[in-house]
Structure formats: C-alpha cells, structure tokens
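This is how it looks when you write it as structure tokens:
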C-alpha cells in the first residue's frame with residue numbers, strides 16, 4: 080500500500096474506534112438506566128408493601144436471601160446513588176468523546192451540547208425577579 084492509502088486507513092480506523100467508544104458509553108448508560116428503573120420499582124414495592132412481615136426476599140445473583148426491609152431499602156438506595164454517579168460520569172465523558180469524534184470527522188462542535196441546568200438557587204432568584 081502506498082503512503083496515502085495507509086493514512087486513509089489509519090484515519091478511518093481512528094474514527095471507527097472513537098465511534099465505537101461513543102456507542103459503548105451510550106449502551107452502558109442505557110443498561111445502567113434500566114438497572115436504576117428496576118431499583119426504583121423495587122423501592123416502591125417495598126414502600127407499598129402492607130404485609131406484617133418485616134423481612135423481604137432479595138435476589139443476589141442466583142439465590143434469594145431474606146433480609147429486613149429497612150436494610151433492603153438502604154441497600155437499594157445506596158445502589159441508586161452509585162448508579163446515578165456512574166451515569167453522570169459517563170455523560171460527562173460522553174460529551175468529550177462526541178466532541179472528539181466530531182473533530183475527527185471535521186464537523187463543527189455541537190451548539191448547546193454543553194449546557195447545564197439551573198440550580199435551585201438560580202431558579203429561586205429568577206422567580207423572585209420575575210414576580211416583581
């Protein structure tokens with residue numbers, strides 16, 4: 080292969096690797112979101128459970144263990160917090176990876192992609208200004 084064909088092949092390989100990395104992160108976010116939804120359903124089921132039994136059956140892998148409901152709720156809530164952290168970290172990294180991929184492809188940077196939501200304090204300040 081001549082030099083220009085080698086450069087084209089290297090460029091396409093780099094773009095393809097960057098695209099695969101973006102797709103892998105997106106899929107991981109989807110998987111974590113499914114897990115988060117299952118945890119939320121489990122928490123709601125525990126909250127709405129009216130039985131007199133103070134223990135719940137919890138599935139760990141391929142076995143069920145009977146644990147106190149409060150301990151189960153605490154475990155699920157901690158798992159939810161961990162999943163939320165992982166999803167937010169993945170989303171932050173995903174923005175950089177998408178920008179890198181666009182840069183490799185010669186596309187302009189996405190407008191409005193790096194926006195962040197207003198904090199509660201900022202919303203309250205805006206509302207107080209608008210009420211006047």
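In my numbering, the protein residues as written are 80 to 211.
For every residue, glycine included, the Cβ atom is placed at its ideal position computed from N, Cα and C.
> Where does residue 134 sit, in a helix, a strand or coil, going by DSSP?
Replying inline: strand
>> My output table needs one value for residue 119: the three-state DSSP class, helix, strand or coil.
In response: helix
> Where DSSP assigns a beta bridge to residue 142, which residues make up the other side?
Replying inline: 139
> Looking only at DSSP bridge pairs, what is residue 147 linked to?
Replying inline: 134
>> Could you check whether residue 159 and residue 118 sit closer than 8 Å to each other, using their CB atoms as the reference points?
In response: yes
> Excluding sequence positions up to five away, which residues of its chain have a Cβ less than 8 Å from the Cβ of residue 108?
Replying inline: 166, 169, 170 and 173
> Once you ignore the five residues that flank residue 152 on each side, which residues in its own chain have a CB closer than 6 Å to its CB?
Replying inline: 125
> For residue 134 versus residue 148, is the C-beta distance shorter than 8 Å?
Replying inline: yes
> Can you tell me the Cα-Cα spacing of residue 184 and residue 94, whole angstroms?
Replying inline: 7 Å
> Does the beta-carbon of residue 87 have 16 or more other beta-carbons within 10 angstroms, so that it is buried, or is it exposed?
Replying inline: exposed
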